[in-house]
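Written below as structure tokens is the structure these notes are about.
In my numbering, the protein residues as written are 4 to 156.
Okay, here's the thing in structure tokens:
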């Protein structure tokens, strides 16, 4: 599987403005709504925040994978945001999160949802790759880096 199939260049934010968990979720999710499914931003953010209440999606190493399931989605949707200053996302290692891969999945796509999370995790395990993403100048460069890494795994 290739996650780049679900990530559009316009769904990448190279320099997030928001500095709170909810603000980051709103800012990144806004790149995906309303979309063909006519999603409501507030509903999407509420679903993501509910998932955060179950346990942080800040996995550590400055990475967070906020995700949620939405009934009326027909396919996965991905967005990516980068915070140069970092955001307290409650990461397990106590570090600020800088790289955010946001995943919305159809409610009945558990297998694909988990495969996508696993692939994103493999991609961002590499410290040098995370450093490349942080050093990228613009959204298009981030997209190209993600596409290249996706193709090699």
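Ideal Cβ placement from N, Cα and C applies to all residues, glycine included.
Give a single yes or no on whether residue i has its beta carbon closer than 6 Å to a heavy atom of the ligand FAD.
i           : result
residue 126 : Within the structure as shown, the ligand FAD is missing, as the structure has no ligands at all.
According to DSSP, which residues form a beta bridge with residue i?
i          : result
residue 61 : 67
residue 90 : 100
residue 80 : 107
residue 72 : 108
residue 85 : 102
residue 16 : 84
Using CA atoms only, rank isn't needed, just tell me which of the options is closest to residue i.
i           : options           : result
residue 121 : 70, 75, 146, 87   : 70
residue 141 : 77, 78, 15, 11    : 15
residue 81  : 11, 4, 154        : 11
residue 74  : 155, 47, 25       : 47
residue 92  : 117, 113, 49, 55  : 55
residue 97  : 4, 60, 33         : 60
residue 29  : 130, 131, 51, 154 : 51
Whole angstroms is fine: what's the gap from residue i's alpha carbon to residue j's?
i           : j           : result
residue 72  : residue 37  : 16 Å
residue 44  : residue 109 : 16 Å
residue 152 : residue 126 : 7 Å
residue 143 : residue 136 : 11 Å
residue 138 : residue 53  : 32 Å
residue 146 : residue 67  : 17 Å
residue 22  : residue 42  : 24 Å
residue 76  : residue 40  : 6 Å
residue 90  : residue 24  : 7 Å
residue 156 : residue 134 : 18 Å
residue 128 : residue 114 : 21 Å
residue 49  : residue 17  : 24 Å
residue 111 : residue 34  : 23 Å
residue 88  : residue 99  : 9 Å
residue 107 : residue 13  : 16 Å
Less than 7 Å between the beta carbons of residue i and residue j, yes or no?
i           : j           : result
residue 19  : residue 86  : yes
residue 63  : residue 95  : yes
residue 6   : residue 119 : yes
residue 149 : residue 31  : no
Can you round the beta-carbon distance between residue i and residue j to whole angstroms, since I take them to be within the 8 Å contact cut?
i          : j           : result
residue 27 : residue 83  : The pair is not a contact, with the Cβ atoms about 12 Å apart (cut-off 8 Å).
residue 65 : residue 116 : Actually they are not in contact, since the Cβ atoms of residue 65 and residue 116 sit about 23 Å apart, beyond 8 Å.
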